[in-house]
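Protein chains in written order, with my numbering: chain A, 989 to 1108; chain B, 989 to 1108; chain C, 6 to 102; chain D, 6 to 102; chain E, 3 to 132; chain F, 3 to 132.
Even for Gly, the Cβ is constructed at its ideal location relative to N, Cα and C.
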Amino acid sequence: MTTKKFMMVNRKAPYGTIYAWEALEVVLIAAAFEQDVSLAFLDDGVYQLKKGQQTKGIEIKGFEKTWGALEDYDVTQLYVARESLEERGLSAEDLTVPVEVLSRADIGKLMEEQDVLLSF
Amino acid sequence: MTTKKFMMVNRKAPYGTIYAWEALEVVLIAAAFEQDVSLAFLDDGVYQLKKGQQTKGIEIKGFEKTWGALEDYDVTQLYVARESLEERGLSAEDLTVPVEVLSRADIGKLMEEQDVLLSF
Amino acid sequence: MLHIINKSPYDRCAVDSALATGAGVILLIEDGVYAAVKGGAEEKKIKGALGRFKFYALIADLEARGLGDRVIDGITPVDYAGFVDLVAENKTCQSWL
Amino acid sequence: MLHIINKSPYDRCAVDSALATGAGVILLIEDGVYAAVKGGAEEKKIKGALGRFKFYALIADLEARGLGDRVIDGITPVDYAGFVDLVAENKTCQSWL
Amino acid sequence: MKFSILVNEGPYTHQASDTAYQFAKAVLAKGHEIFRIFYYHDGVNNATRLTTPPQDDRNIVARWSKLAEEHKLDMVVCVAAAQRRGIVDEGEMKRNGKDATNLAPGFRISGLGQLIEAGIQSDRLVVFGD
Amino acid sequence: MKFSILVNEGPYTHQASDTAYQFAKAVLAKGHEIFRIFYYHDGVNNATRLTTPPQDDRNIVARWSKLAEEHKLDMVVCVAAAQRRGIVDEGEMKRNGKDATNLAPGFRISGLGQLIEAGIQSDRLVVFGD
């Protein structure tokens, strides 16, 4: 099968809307299709990776653990915008998985290199 | 029938989403129920009243003319936030119907006087 | 009156719009709870408004987002029952959608 | 690459996020066309980015909103056919939803 | 105290429907009355019985139906909004020449006047949306 | 050139579906090919045949169906998103024990792999959403 570079651009907070979770379903399928998958987290999307999500109170299925499982699918390219983290008072230590923290401009360069950009 | 003070708080641009139009449908029904109806336009909601809407190109039914018909339903209390207009480079002359331009704080005071606030 | 805000202050103007009304009670729910969190660029604005507005934030939404332990001092966490009480105690409520 | 923006710059951060990528082509559609309009508080930012980004705005969306005659100089109005051409001419496109 | 609730977004996509449900449960638990729950805009999509959510997730439609049954709630779907979005009961099916219905138990389709009436009759009307 | 289109929002509520439709028409008018249109998130709600929009407004579902018929388009509704939101064809009805279908002509329900395949097979994939 042809391999293309897919990047999922995540810009929305988790739980307030379903986009973050349904984006993750796309990531898993893209990985199953053995594509070159990367994820970018910008703006409120960085909140998706925040450690310690306890969704019992809102009765919505939590998906923090799924980030940890991405490695099993060979999805290891996770890029987080430094400016978005800092603006929100977060650092890489607050995130549930190891990520590469890049400037927005550098993420912009990575976007240029993709074949397909899926935005959520 | 009991008369209550209903205020519809419009904060969304027209056509990008349906909220502005479906809010107007609520206004017409509230007027038919002979309630004391007022409308507040804040933030991107002020764009709803912009003159000269031509929706043929997007093939969505336009509703600029409906604002002019509100008077026939005795809906005459239209309040527009000054700060929201100015931020967008608009003035009362750009709007399709006469309105009362008030500060956000004054609109806040009017909100306090309502019985029911419906937000769109 | 009660202002209910469900939008992140980092993406939307809902918090600014509510603050511009002057004074009252604000309840942060859903993605609105990001306004209740310490350490971010919005903190200063919220702290500056604590005198004019009494702030509450929904616990379930804070916990879902992993933020239960980072609430700005002066903002009161409430559960859904507390949400009902806030609505009952205030004559009107405006949801800043 | 092509950046497609459908959000009002007065309510959302989509324009800022697209500009932060550095350079490229921006197409304003739907409520995004409010960024193409003269006289507002966002005009300065857009004008400042005209060197780094080539800007287009969808005519049908400008006209629907009564703004066809207020487009900032340097922003090119395009129709849906022009939208297709922009997508074809650029290897990738990002929709800033 | 008498509450009414307006739900403006559909199930799953926005949290509005979830929060409205938790709020409704809390209203009832506090001993208050719910005069009406009104579904408008995409909120009408809460009223389709054709959903099959994943088994490890909540069933939003079914829990609204259950709440209505347990507490004899009046859950009203706006007819104009429902027509735009394809929510159909027996009457609407016949009126509009459709070949199926999808309205879930506990919901009824009626006019926007029911929302205004809820505003008039209730002490509080709370809006959940996006 | 080969295009695919991703539609992430339902009809009427967001303009995304309208813009995607105008874009699809323009793609075809330019002589390009459309490999697939994929409906995800609330976009699956474009595929219900039960809508009855006002007569003076556009019929979003019907015009998608017509476009598909005229140009033999492959319009695919994501099965997982459809199950959450109650979009059902014959197969889904039987599989999930439902008592009705609502899928409009010209659409088919299939997996998310069809979106990835569209990304692989097409020169361009354009996303419309909110």
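Is there a Cβ of chain C sitting closer than 8 Å to that of residue i, yes or no?
i: R1092(B); result: yes
i: A1057(A); result: no
i: R17(D); result: yes
Note down the Cα distance separating residue i from residue j, rounded to an integer number of angstroms.
i: E1088(A); j: K1053(A); result: 19 Å
i: G88(F); j: P13(E); result: 10 Å
i: I77(D); j: L1090(A); result: 33 Å
i: Y1003(B); j: S1072(B); result: 19 Å
i: A1020(B); j: L114(E); result: 11 Å
i: L1030(B); j: R1070(B); result: 9 Å
i: V997(B); j: F1108(B); result: 6 Å
i: V38(D); j: P82(D); result: 10 Å
i: K52(C); j: G44(C); result: 11 Å
i: T103(F); j: Y1067(B); result: 46 Å
i: H16(F); j: A83(F); result: 17 Å
i: G1033(B); j: E68(D); result: 17 Å
i: Y61(C); j: V30(C); result: 8 Å
i: A1057(A); j: V1015(A); result: 12 Å
i: R51(F); j: L105(F); result: 6 Å
i: A49(F); j: K68(F); result: 12 Å
i: K49(D); j: E1081(A); result: 37 Å
i: F130(E); j: R86(E); result: 20 Å
i: A46(D); j: A40(D); result: 10 Å
According to DSSP, residue i sits in a beta bridge with which residue or residues?
i: V30(D); result: L7(D), K59(D)
i: N998(B); result: F1029(B)
i: C98(D); result: L7(D)
i: K96(F); result: Per DSSP, none; premise fails for K96(F).
i: P82(C); result: A62(C)
i: M77(F); result: I39(F), F109(F)
i: I7(E); result: I39(E), V128(E)
i: V76(D); result: V42(D)
i: L1090(A); result: A1069(A)
i: L1083(A); result: K1038(A)
i: H16(F); result: T1005(B)
i: T50(F); result: L105(F)
If we cut at 8 Å on Cβ distances, does residue i have a partner in chain A?
i: S100(D); result: yes
i: T97(D); result: yes
i: S13(C); result: yes
i: Y14(E); result: yes
State buried or exposed for residue i, treating a residue as buried only when at least 16 other CB atoms are found within 10 Å of its CB.
i: D58(E); result: exposed
i: P1086(B); result: exposed
i: E71(F); result: exposed
i: A26(F); result: buried
i: M1099(A); result: buried
i: A31(E); result: exposed
i: N98(E); result: exposed
i: T97(C); result: buried
i: K1097(A); result: exposed
i: S22(C); result: buried
i: H8(C); result: buried
i: T991(A); result: exposed
i: R1092(A); result: buried
i: G121(E); result: buried
i: M3(F); result: exposed
Would residue i pass as an interface residue toward chain E - the criterion being a Cβ-Cβ separation below 8 Å?
i: Q85(F); result: yes
i: L89(C); result: The amino acid occupying residue 89(C) in the given sequence is Val; Leu does not appear at that position. Taking Cβ atoms only, chain E reaches closer than 8 Å to V89(C), which makes this a yes.
i: L1106(B); result: yes
i: I1048(B); result: no
Should residue i be flagged as near chain F, meaning a C-beta pair shorter than 8 Å?
i: Y1035(B); result: no
i: Y85(D); result: yes
i: D44(E); result: yes
Counting contacts by CB-CB distance shorter than 8 Å, is residue i in contact with chain B?
i: A93(C); result: no
i: R60(F); result: yes
i: I122(E); result: yes
i: Q57(F); result: no
Taking 8 Å as the threshold (beta carbon to beta carbon), is residue i in contact with chain D?
i: V128(F); result: yes
i: Q1102(A); result: yes
If we count Cβ pairs, one from each stretch, closer than 8 Å, do we get three or more for the stretch 17 to 27 of chain E versus the stretch 21 to 39 of chain D? no
Any contact of the stretch 116 to 127 of chain E with the stretch 1096 to 1106 of chain B, i.e. 3+ C-beta pairs under 8 Å? yes
Within 8 Å, do at least three Cβ pairs link the stretch 1036 to 1055 of chain B to the stretch 70 to 86 of chain D? yes
Pairing CB atoms from the stretch 39 to 49 of chain E with CB atoms from the stretch 3 to 12 of chain E, are three or more of them under 8 Å? yes
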